[in-house]
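This report concerns only the one structure given below.
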Amino acid sequence: VSWAPDGRHIAVGLNNSEVQLWDTASDKQLRTLRGGHRQRVGSLAWNNHILTTGGMDGRIHNNDVRIRSPIVETYRGHEQEVCGLKWSASGQQLASGGNDNLLYIWDRGTASSSSPTQWLHRLEDHTSAVRSLAWCPFQRNLLATGGGSGDQSIKFWNTHTGACLNSVDTGSQ
């Protein structure tokens with residue numbers, strides 16, 4: 001579930017691979033996004049009118065919710081379920097975490113490119129699923145990520161260089 005930036009609309013990812021968009025003021029479903037994913041959609045993140053969806057199929061799609069055929073960009077990298085998505089404040093970088101223990105940093109400008117390495121950074125330091133992602137509100141290229149129960153750490157990243165700046169053992173997921 002993810003609120004749109006306007007505070008009025010909400011997106012809901014479903015087990016059947018669909019995403020529903022709702023207007024909370026009128027309690028009406030506006031539309032259903034279909035065809036982008038083959039399995040459960042468990043991760044959602046808004047970037048203005050773009051709804052980014054991450055699925056159990058490892059795919060990430062940017063959906064422009066204003067148009068009829070909404071998939072405008074696709075990111076390829078994760079080999080397992082995408083379990084976390086977060087856009088930077090600038091809307092230019094997307095962080096994605098997966099059950100494959102990988103963290104990707106994507107640039108909006110390279111989405112859907114035919115290059116085999118679409119991503120800015122493919123980071124392998126986590127030893128469990130990367131579920132939590134948070135961009136620093138006052139330092140542009142600083143990202144914090146949390147690993148699952150087998151990892152039990154929060155890592156801090158410079159997303160410009162891809163360097164892990166620090167890792168804190170939390171003792172829990």
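Under full-length UniProt numbering, the first residue of the sequence shown carries the number 1, and numbering increases by one thereafter. Backbone N, C-alpha and C define an ideal beta-carbon position, used for all residues, glycine too.
Beta-carbon proximity check, residue i vs residue j, cutoff 7 angstroms
{"i": "Glu73", "j": "Ala11", "result": "no"}
{"i": "Asp57", "j": "Arg31", "result": "no"}
{"i": "Thr24", "j": "Arg8", "result": "yes"}
{"i": "Asn141", "j": "His160", "result": "yes"}
Straight-line Cα distance separating residue j from residue i
{"i": "Asp133", "j": "Thr127", "result": "The amino acid occupying residue 133 in the given sequence is Leu; Asp does not appear at that position. If I take the Cα positions, the gap works out to 15 angstroms."}
{"i": "Leu165", "j": "Ala45", "result": "25 angstroms"}
{"i": "Gln80", "j": "Leu14", "result": "17 angstroms"}
{"i": "Trp119", "j": "His49", "result": "22 angstroms"}
{"i": "Gly162", "j": "Gly146", "result": "16 angstroms"}
{"i": "Gln93", "j": "Ile105", "result": "7 angstroms"}
{"i": "Arg40", "j": "Asp151", "result": "24 angstroms"}
Residue i - DSSP class collapsed to helix/strand/coil
{"i": "Thr110", "result": "helix"}
{"i": "Asp169", "result": "strand"}
{"i": "Gln139", "result": "coil"}
{"i": "Trp46", "result": "strand"}
{"i": "Asp64", "result": "strand"}
{"i": "Glu124", "result": "coil"}
Report the residue ranges of all beta strand (DSSP E) runs contained in full by the UniProt repeat "WD" (1-32); include only those spanning at least 3 residues, in chain order.
-> Qualifying beta strand (DSSP E) stretches, in chain order: 9-13 and 19-23.
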